[in-house]
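Below: one structure, written as structure tokens.
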Amino acid sequence: MTMDTKNTSADDTAEPDADRSAFERALRADARRNRELILRAADDALAVHGIDASVDEIAARAGVGVGTVYRNFPTKEALLQALLVARIEPLIAAAREAASAPDPGEAFVAFLRRLSDESGAFKALADTMAASGIDLHAAKREVSSELLEAVGALLKRAQDAGSVRPDVSIQDVSALMAGLGHADPSSMEAGQRSRCVALMCDALLVDARSLLPPA
């Protein structure tokens, strides 16, 4: 009987522990979901109102309370920095995935085109951060180093495959990426951006000469 009592006691202890773990996991998932909702809402609100987007509007768009916004992001600077990281992290993942593609040269070009496609949204966020007095370079320093490391691995694979010129350095690519990230899409006529990307890729690739898209 004593053994039965001990076993029952152990079972009784295990059940609350399991319930507590499940509850804590649910809380963490809920917190992640709220954070993602806030970031998406902030992105939308900033696209419409720029730096004048209010916390109240961001909370309403996200479907959370204002207090939830402040618990996740105590200041507007913290929110903008999180948005910047959220923009760059998918690019890091894309570069890492491209580095394992069967045709690294084609994957390298596709990655540069993606950078070009996303440059408008990146520039809008960078302008908003600058208007808020935030040091953009300091805000993105750590995540940018991860991006350069991933792009460097992609570049090396493309060079080893004979697709990209061997004398191109990651510093060269970084400068070109910065140019893409700060270009203003609204200042270009339709097709001009695609032509610029094609010309840039031709400069990097071995024996390449693209048929330029219409201006």
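Residue numbers for the sequence shown follow the numbering used here, beginning at 122 and rising by one. Where is the CB? At the ideal position from N, CA and C, for every residue including glycine. Here the structure is a predicted model, which is why all the values come from computation and not from measurement.
Please classify Val169: does DSSP put it in a helix, a strand, or coil?
-> helix
Take Asp165 and list the residues in its own chain whose beta-carbon comes closer than 8 Å to its own, dropping the five residues that flank it on each side.
-> Arg182
Member of Val230, Leu204, Asp177, Asp256 whose CA lies at the smallest distance from the CA of Arg156 = Leu204
Three or more C-beta pairs below 8 Å linking the segment 244-263 and the segment 189-209 | yes
Exposed unless 16 or more other CB atoms sit within 10 angstroms - verdict on Ile172 | exposed
Please confirm if the segment 216-229 is in contact with the segment 261-281, defined as three or more CB-CB distances below 8 Å between the two stretches.
-> yes
For Leu320, is the classification buried or exposed, using 16 other Cβ atoms within 10 angstroms of its Cβ as the cut-off for buried?
-> exposed
Identify, in the order they occur along the chain, each residue of the same chain with its Cβ nearer than 7 Å to the Cβ of Ile257, setting aside the five sequence neighbours on each side.
-> Just to set this straight, residue 257 is Leu in the shown sequence, not Ile. Closer than 7 Å at the Cβ level, and outside the excluded window around Leu257, lie Ala247, Met250, Ala251.
Beta-carbon contacts of Val327 that lie in its chain and below 7 Å, excluding the five residues immediately before and after | Gly283, Ser284, Val285, Arg286
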